[in-house]
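Working notes for the structure below.
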């Protein structure tokens, strides 16, 4: 178990979920249910990355494209985790993305490179209220007066999944 999984299990518990760990690793890091056992259990894959930038505003992921595509029958959600610098140490950030949505989004804009998808997630809430997380892969970096070239609601806009535990 790594730190990203531990952060996720802790956040799931605080969000009202019971977390179950599989006996063998078969592409599922945990199975979650609501504590009152209403609803169906969800199979979750967790991907962690250390934060980049002065406050952990960026996270970079390299995903095996074949595994992403084949996980549609294995997992229900992928959770991306990265730390940001907070007043007291590091505060983990989470994207909770349904696997079918992830496959659809990556397929619509991300080119496979060497059999991999690359995500460059950027957290920019303070500078752009209401817009939280975008995939900046292949886009120019922010600079003074950057008009935020990724349109809201586009496939690269991951804001709806940011810390959205209710989607589970």
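Numbering (our numbering), first residue to last: 909 to 1076.
Yeah, the Cβ is synthetic: ideal placement off N, Cα and C, and Gly gets one too.
Please read all numbers here as calculations on a predicted model, not as lab measurements.
When the Cα atoms are used, residue 1071 and residue 1022 turn out to be separated by approximately 30 angstroms. Looking at the DSSP output, residue 928 sits in a beta bridge with 939.
Look at residue 1069 here: in three-state DSSP terms it is helix. Distance from residue 1076 to residue 982 at the Cβ level is roughly 16 angstroms; contact not present, criterion being Cβ atoms closer than 8 angstroms.
By the neighbour-count definition (other C-beta atoms within 10 Å, threshold 16), residue 973 is a buried residue. Around the CB of residue 984, 16 or more other CB atoms lie within 10 Å, so the residue is classed as buried. By the beta-carbon neighbour count (other beta carbons within 10 angstroms, threshold 16), residue 1059 is exposed. Under the three-state reduction of DSSP, residue 1023 is assigned to coil, being neither helix nor strand. A Cβ-Cβ contact shorter than 8 angstroms links residue 1031 with residue 1040. Shortest Cα-Cα distance from residue 1062 to any of 1016, 1028, 1024 and 1046 involves 1016. In the structure shown, the three-state DSSP call for residue 918 is helix.
Nearest neighbour of residue 1013 by Cα position, chosen from 946, 957, 1065 and 915, turns out to be 1065. In the DSSP annotation of this structure, the continuous segment of the alpha helix (DSSP H) that includes residue 1016 starts and ends at 1007-1017. Here residue 993 carries a strand assignment [DSSP, helix/strand/coil].
Rounded to the nearest angstrom, the Cβ distance from residue 1018 to residue 1045 is 7 angstroms, consistent with a contact under 8 angstroms.
For the pair residue 910 and residue 966, the Cα-to-Cα distance works out to about 20 angstroms. In terms of Cβ geometry, residue 953 and residue 979 form a close pair [threshold 8 angstroms]. Where residue 979 is concerned, there is no enclosing alpha helix (DSSP H), because DSSP gives it neither an H nor an E.
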